[in-house]
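Numbering (UniProt numbering), first residue to last: 1 to 209. The beta-carbon is built from N, C-alpha and C at its ideal position, and this holds for glycine as well.
Okay, here's the thing in structure tokens:
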């Protein structure tokens, strides 16, 4: 007998097993959330400090500073009038003079009257006339006037007295002072002040004649 195990129908092998599919890829990582742009407030940048203009400079420009020529013409006219006023002093002093054989002489009293009269007339012209009318005759003729450097300030008698004394008293000892004082304005490009202007804090401006 044939062993069925040997001659029996042998079972055919089943179909080959399908290869297993590749494992699914891991899920993609979620996209990062969009980053909001951060706005940084810029700190305010301090501007560089600006040097202020000299006090009253703009106002002085509007008031139109007098030119050197107009000031020189006014000075010549006022100086001429001043010399004529000085000549009245000796006439007043002649009251105290005495006539001797050697000619007229002036007594000490007459000399005091002469000097006092000359000084008083100068003061009345260069100080009191400007206080009351704003200008001397020479400045009125040339269309210029004296005003304080500070805008809106009033021209005081003490200011004009300082101005007059600074302009003329040094010239009694040093005549060249008049030249130095008058030419000083050429080097002052801000206010065109003479030395007596600087002492009294005044300027000279153009006005209607």
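Check	Outcome
Three-way DSSP call (helix, strand, coil) for residue 155 in this model	coil
Residue(s) in a DSSP beta bridge with residue 202	148
Presumed contact (8 Å Cβ cut-off) between residue 125 and residue 81, rounded CB distance	7 Å
Residues of its chain near residue 142, where Cβ-Cβ distance is below 6 Å and the 5 sequence neighbours each way are ignored	70, 73 and 74
Residue 146 burial status per 10 Å Cβ neighbour count (16 or more: buried)	buried
Residue 112 beta carbon less than 8 Å from that of residue 166	no
Check whether residue 136 and residue 202 have beta carbons under 8 Å apart	no
Between the CA atoms of residue 67 and residue 114 - distance to the nearest angstrom	36 Å
Proximity below 8 Å, CB of residue 138 to CB of residue 77	yes
Beta-carbon gap between residue 181 and residue 173 smaller than 8 Å	no
Residue 154, buried or exposed, once every other Cβ within 10 Å from all chains shown has been counted against 16	exposed
Reference residue 88, options 156, 197 and 120, closest by Cα	120
Integer Cβ distance of residue 144 from residue 206, believed to fall under 8 Å	6 Å
Close beta carbons around residue 164, own chain, < 6 Å, minus the five adjacent residues each side	126 and 127
Alpha carbon of residue 151 to alpha carbon of residue 83, nearest angstrom	33 Å
Pairwise C-alpha distance: residue 157 and residue 245	Any question about residue 245 goes unanswered here, given that the chain covers just 1 to 209.
Exposure label - residue 189; buried when at least 16 CB within 10 Å	exposed
One or two residues paired with residue 65 in a DSSP bridge	205
Classification of residue 116 by the beta-carbon crowding that lies within 10 angstroms, buried from 16 upward	exposed
Same chain only: Cβ atoms within 7 Å of residue 161, ignoring 5 sequence neighbours per side	127
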